[in-house]
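Just below is one structure, and these are the notes that go with it.
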Amino acid sequence: MILDGKCPTGPIEKTWDKHCFDLKLVNPANKRKYKVIMVGTGLAGGAAAASLGELGYNVEAFCYQDSPRRAHSIAAQGGINAAKNYPNDGDSIYRLFYDTIKGGDFRAREADVWRLAQVSNNIIDQCVAQGVPFARDYAGYLDNRSFGGAQVSRTFFARGQTGQQLLLGAYSALSRQIKAGTVKMFNRTEMLDLIVIDGVAKGITIRDLITGEIRAHMADAVCLATGGYVNVFYLSTNAMGCSVTANWKAHKKGAYFANPCYTQIHPTCIPQTGDHQSKLTLMSESLRNDGRCWVPKKKEDCGKHPNEVAEEDRDYYLERKYPSFGNLAPRDIASRAAKEQCDDGRGVGPGGRGVYLDFAASIKRLSEDTIRERYGNLFEMYEKITDENGYKRPMRMYPAPHYAMGGLWVDYNLMSNVPGLFVLGEANFSVHGANRLGASALMQGLADGYFVIPYTIGGYLAGIKPGDYSLDHAEVKKSIEDVKGDINKMFSLKGKKTVSEIYRALGKVMWENVGMARSDASLKNALKEIPKLREEFWNNVNISGDGGELNQQLENAGRVADFLEFAELLSKDALTREESCGGHFRVEHQMPDGEAKRNDADFCHVAAWEFKGVGKEPELHKEPLKFDNVHLAVRSYK
Amino acid sequence: MSEHNANTMNLKLHVWRQKGPDAPGKLETYDAKHVSPDMSFLEMLDEVNETLIKTGIDPIAFDHDCREGICGMCSQVVNGVAHGGQERTTVCQLHMRSFQDGDSIFIEPWRARAFPIVKDLVVDRSALDTIIQSGGYTSCHTGGIADGNAILIPKPDADYAMDAAECIGCGACVAGCPNGSAMLFTSAKVAQLAALPQGKAEAAVRVHAMTEALQGCGFGNCSNHYECQAACPKGINVKFIAKLNREYLKAALN
Amino acid sequence: MQILKSVVGRKVFMAITGQCMVLFAVVHMLGNSSIFIGPDGINAYAKHLHDLGPLVWIFRAGLFAFVAIHIFYGIQLTLENSAANPTVYAVKKQIKATFASTSMIWTGLLIALFVTFHILHFTARVTPGIVKGVDALGRYDVFTMVVSAFKNGGIAFIYVAAMCALFFHLSHGIQSFFQTMGWNTDRTQCTISTIGKAVAFILLAGYAVIPLSILASALIK
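Residue numbers (the working numbering), protein chains in the order written: chain A, 31 to 668; chain B, 24 to 277; chain C, 5 to 225.
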């Protein structure tokens, strides 16, 4: 089936304004009659719940953490992009649009990206009004920094904690609505099923993580803002609780999953030290503003103390390969370059899995104090984890799974193919194409939450009768029974393996076969291994305790069970996409110099998969991508 | 330094176990064997839990999420100090290299009336949300906002606000406070917003509402022990409590 | 009145009443020092005060009210605080809290007990063994009363011990006043804390030197 994103047509700069005008409106007096469910309260979900509540809708919001302030958006360090052009360096909405499309390797929808660039400026204003303490210069004006994939300085930041500050802004707006009674917040709850009645999303089934109660919540529309799925690799920069579960449950109820193979591997993470490791820690991309990436030119220098490697024996590989962007090459490119050096035997640190990020030159040029002021908290974090002083010796970095560009398929209104199911933020697939630029995730989350969904959901709700659902419906009862059935089944297994053991095994299969470089053989191998692990899980996992209490093993088990199904789809998508683009790199498809080789003739489309049953072949639907405003070109950062 | 330590250690853990909010709790002793110094404290607990599961014992429940010291979910009192006593460090960022072979480690939950225990080391911190809901925001609408540069904010003010805004809401200040007070938490938000022009309009209402909520949630009063600042993994300074007091007096006198 | 119930308001009352008493303590100590001039010094000082007539009583009433407020809120806040932190840790380390800060209620109550004794002793002069007399000029002979009292090691000990309690109470209390009034910043914090401790020490020394020197000279004789 050919999918239609329902993008508005006409001159791109008018598309969003025209669309807003064309959308149907809900009468202010009627808004409170509509109930909206918001799953996830990070940047997208928190902002959306607050904005919808303020508009007058009756919102119920859910998060698995003990407070909406803890969503993983909080961990974003570097900044948020906006096309304000405050530094007068040639930025514009068009340039942000262009950079995002190009950064995404021409695999995103033009209209969606345009809208993102257009509302980016409102986001900054909104956050300033909320009291987000963005960095200011001495005159009191907002300060900017540069970020990967752009040659203008358009990134706004609050020290190294921009995500935290923006999330706390959204959280404060949400708190205000909770107090006002327009939003009802359910902390420590996890969505375990989507309730679809006559093809329309009408509710969710959740587990109360404290009492273990399984219950349904019904609404006129369901929004998922449940983040990304790169924890499928086991080790990633995501929080421990991040999962594909909500998205996967929706997918199993009919929502298409788009481009699952687009996963971003972030170039600057602290390398792994051992098997005990539970997660990887990201160091902001902003470090590449002042840090220079290098590895020794000679393999025999790899074991030496980095400060003993002579200048002429160092290979500043990013500066060498991409002279115009240098150390600020986009993430996918920087990650692959790091991997190349390590695969060439010139990696440093344990297992040769690391490259240096060196600040010596910047410290000499700007002084250690300046560097400390810019990145002090990152250096501190690095030292805590590695016990090494980044001011005195270069940091060691290695790429790690970080972000999912893929997600549930949505149309221009952020509605999935299941009417009434909206998907926001990282959970959807829409704007980043095959690779996300730094400081764009925060922008997208807040754009969706503050400025897109409040308009587009109205267009949907205006067309339906409010309160047209009932907890007594057979589908609701079935959903609750199914969820309980799955939980009981897990408890009944009483096997020999712990959830983490199987999870680690899955992560290993995924990282080795579906990681930074994918091949036909590796992907086929993954597709062979994943079902085995799934089999093992459903026969041999051991979960103690019971379901009627706080049971973190059970929570993990549910999430891992979904990853074990989802991993197969991710690998299948990667196998099907016979090209290299952005974060998806197929070794069979590369230029002679090792750069990604896109295949626009056959793959300039969104691949949206329809669920047909566990272990069954999913059905592929395509949404062709048209580029009327940017020229479809080879992406070059040289 | 970078010689990645192959020497592992064996530790004795004394962990608070409590089945539920009303169940009695007690310290149980477990062995943590072959702990690598490169492990984080929570990874060490992960390994202990794996062993417990295999021996048929219910694993230790503890809150954690980002494991990079920013989400504020992790909450353990280690050897009598919230987050373990390493300066500006959450327990998830505490590494085992700060312990020695043969050490005994006491691990307890946050303790305060306002933080009832849910299970083992997990406590209910929703009281902190209640405080923010009472007024920890500017009442701005979504949309229709003036340009971000329309209000100039001197760098020192922005920096001061940012210092306060770094609070991660973990509740260590309450856990460390001999009075179970959340004054540092509350003051950080009051001070952040009072320092910025956007927050000044509601400053008086805010400080009243938030201190009242603090009281209503069952937190104690501040008696200037400054244990909160010592426990805070973000180093939030007690000067913000002084700022809250100042704001309160200003509001009360006007 | 909301302020009388609030977390900050009550502390402000504690702080202001406490600080007024510190000022009183300073003046009282300076007055006491007139004992070193000899009988003429302190007896004249006492007469001067008594001649103020009703003003003395107004002052005493005011001071009593301050003490009452300070004690009332002190007890109330302490009870609330221990209720807010009911379960104790199996292991608990203090990092910044001090003996002084954690024993405010006890040092405070000790001081209250002492003040009661002190009023009965030197003001009402109803305690057993007190020397009540007049000097050659017909003034109350405060000098002899004090000197004879402090020749008793037990009495001297009570006074010195109470001044130690006062020292601890004020070494936390004075800097706490500035914090509660909102006058602390991170730059002033350290200085204020040092000044607070210094003032507390000066009071300890200024007060304790009288019983100690009297007792010492009696012992030497």
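Where a beta carbon is used, it is the ideal one built from N, C-alpha and C, also for glycine.
To the nearest angstrom, how far is it from the Cα of residue i to the Cα of residue j?
i: serine 522 of chain A; j: glutamate 220 of chain A; result: 21 Å
i: lysine 56 of chain B; j: tryptophan 39 of chain B; result: 19 Å
i: aspartate 223 of chain A; j: glutamate 73 of chain B; result: 29 Å
i: tryptophan 144 of chain A; j: glycine 463 of chain A; result: 13 Å
i: proline 496 of chain A; j: leucine 219 of chain B; result: 41 Å
i: leucine 124 of chain C; j: glutamate 235 of chain B; result: 42 Å
i: histidine 176 of chain C; j: valine 26 of chain C; result: 12 Å
i: alanine 249 of chain A; j: isoleucine 67 of chain A; result: 6 Å
i: proline 117 of chain A; j: asparagine 174 of chain A; result: 7 Å
i: serine 149 of chain B; j: serine 97 of chain A; result: 7 Å
i: glutamate 290 of chain A; j: threonine 102 of chain C; result: Correcting the residue identity first, residue 290 of chain A is proline in this sequence and not glutamate. When rounded, the distance between both Cα atoms is 57 Å.
i: glycine 43 of chain B; j: histidine 87 of chain B; result: 18 Å
i: proline 429 of chain A; j: leucine 650 of chain A; result: 30 Å
i: tyrosine 433 of chain A; j: glycine 406 of chain A; result: 24 Å
i: methionine 215 of chain A; j: alanine 91 of chain A; result: 5 Å
i: leucine 34 of chain C; j: tyrosine 49 of chain C; result: 11 Å
i: valine 230 of chain A; j: glycine 450 of chain A; result: 6 Å
i: cysteine 168 of chain C; j: proline 132 of chain C; result: 25 Å
i: leucine 239 of chain A; j: alanine 359 of chain A; result: 42 Å
i: lysine 100 of chain C; j: lysine 201 of chain C; result: 15 Å
i: valine 213 of chain B; j: glutamine 41 of chain B; result: 35 Å
For residue i, count neighbouring C-beta atoms within 10 Å of its own C-beta (all shown protein chains included) and say buried if the count is 16 or more, exposed if not.
i: valine 440 of chain A; result: buried
i: methionine 31 of chain A; result: exposed
i: glycine 515 of chain A; result: exposed
i: arginine 134 of chain B; result: buried
i: asparagine 569 of chain A; result: exposed
i: glutamate 315 of chain A; result: buried
i: glutamate 542 of chain A; result: exposed
i: arginine 350 of chain A; result: exposed
i: asparagine 237 of chain A; result: This sequence places arginine at residue 237 of chain A; asparagine is not what is there. When all chains shown are included, arginine 237 of chain A counts as buried.
Go through its chain and collect everything with a Cβ distance to residue i's Cβ below 7 Å, but skip five positions before and after it.
i: valine 164 of chain C; result: Ala212, Pro215, Leu216
i: aspartate 119 of chain A; result: Val182, Ser183
i: leucine 34 of chain B; result: Ala55, Val58, Phe122, Asp126, Ile128
i: leucine 526 of chain A; result: Strictly speaking, residue 526 of chain A in this sequence is lysine, with leucine absent from that position. The answer, listed in chain order, is Asn570, Asn572.
i: aspartate 343 of chain A; result: Pro326, Lys327, Lys328, Asp331
i: arginine 136 of chain B; result: Gly203, Gly241
For residue i, collect the residues of the same chain with a Cβ closer than 8 Å to its Cβ; drop the 5 residues on either side in sequence, then sort them by chain order.
i: tyrosine 533 of chain A; result: Tyr264, Asn586, Val590, Phe593
i: isoleucine 1 of chain A; result: This structure does not reach residue 1 of chain A, given that chain A is present from 31 up to 668, and the question cannot be answered.
i: glycine 40 of chain A; result: Lys48
Less than 6 Å between C-beta atoms, sequence neighbours within five positions excluded: which residues of the same chain meet that for residue i?
i: glutamine 148 of chain A; result: Trp46, Ile123
i: alanine 269 of chain A; result: His102
i: arginine 564 of chain A; result: Leu594
i: lysine 279 of chain A; result: Asp223, Leu224
i: threonine 606 of chain A; result: none
i: isoleucine 517 of chain A; result: Gly577
i: valine 146 of chain B; result: Pro132, Trp133, Phe138, Ile140
Quick check: does the Cβ of residue i come within less than 8 Å of any heavy atom belonging to the ligand MN?
i: threonine 127 of chain C; result: The ligand MN is not part of this structure, which contains no ligands at all.
Contacting positions in the segment 186 to 198 of chain C - beta carbon closer than 8 Å to chain B | Gly186, Trp187, Asn188, Thr189, Asp190, Gln193
Alpha helix (DSSP H) runs contained entirely in the segment 550 to 622 of chain A, provided each spans 4 or more residues | 550 to 570, 582 to 606
Could you list the residues in the segment 189 to 202 of chain B with a C-beta less than 8 Å from some C-beta on chain C, going in chain order?
-> Gly199, Cys200, Pro201, Asn202
Could you please tell me which residues of the segment 208 to 235 of chain B, in chain order, have their CB closer than 8 Å to any CB of chain A?
-> Gln215, Leu216, Leu219, Gln221, Gly222
For the segment 101 to 133 of chain A, list the alpha helix (DSSP H) runs that are entirely contained and at least 4 residues long, ordered along the chain.
-> 123 to 133
Using a Cβ cut-off of 8 Å, which residues of the segment 307 to 318 of chain A contact any Cβ in chain B, in chain order?
-> Gln307, Ser308, Lys309, Thr311, Leu312
Any chance you could list the beta strand (DSSP E) runs of at least 3 consecutive residues sitting entirely within the segment 118 to 192 of chain B, in chain order?
-> 127 to 131, 140 to 142
If contact means a Cβ-Cβ distance below 8 Å, which residues of the segment 463 to 484 of chain A contact chain B?
-> Tyr480, Phe481, Pro484
Which full runs of the alpha helix (DSSP H) of 4+ residues lie inside the segment 426 to 498 of chain A, going along the chain?
-> 471 to 476, 483 to 491
Mind pulling the beta strand (DSSP E) runs of 3 or more residues that sit fully within the segment 153 to 192 of chain C?
-> none
Chain B contacts from the segment 263 to 278 of chain A (Cβ-Cβ distance under 7 Å) | Ala269, Met270, Gly271
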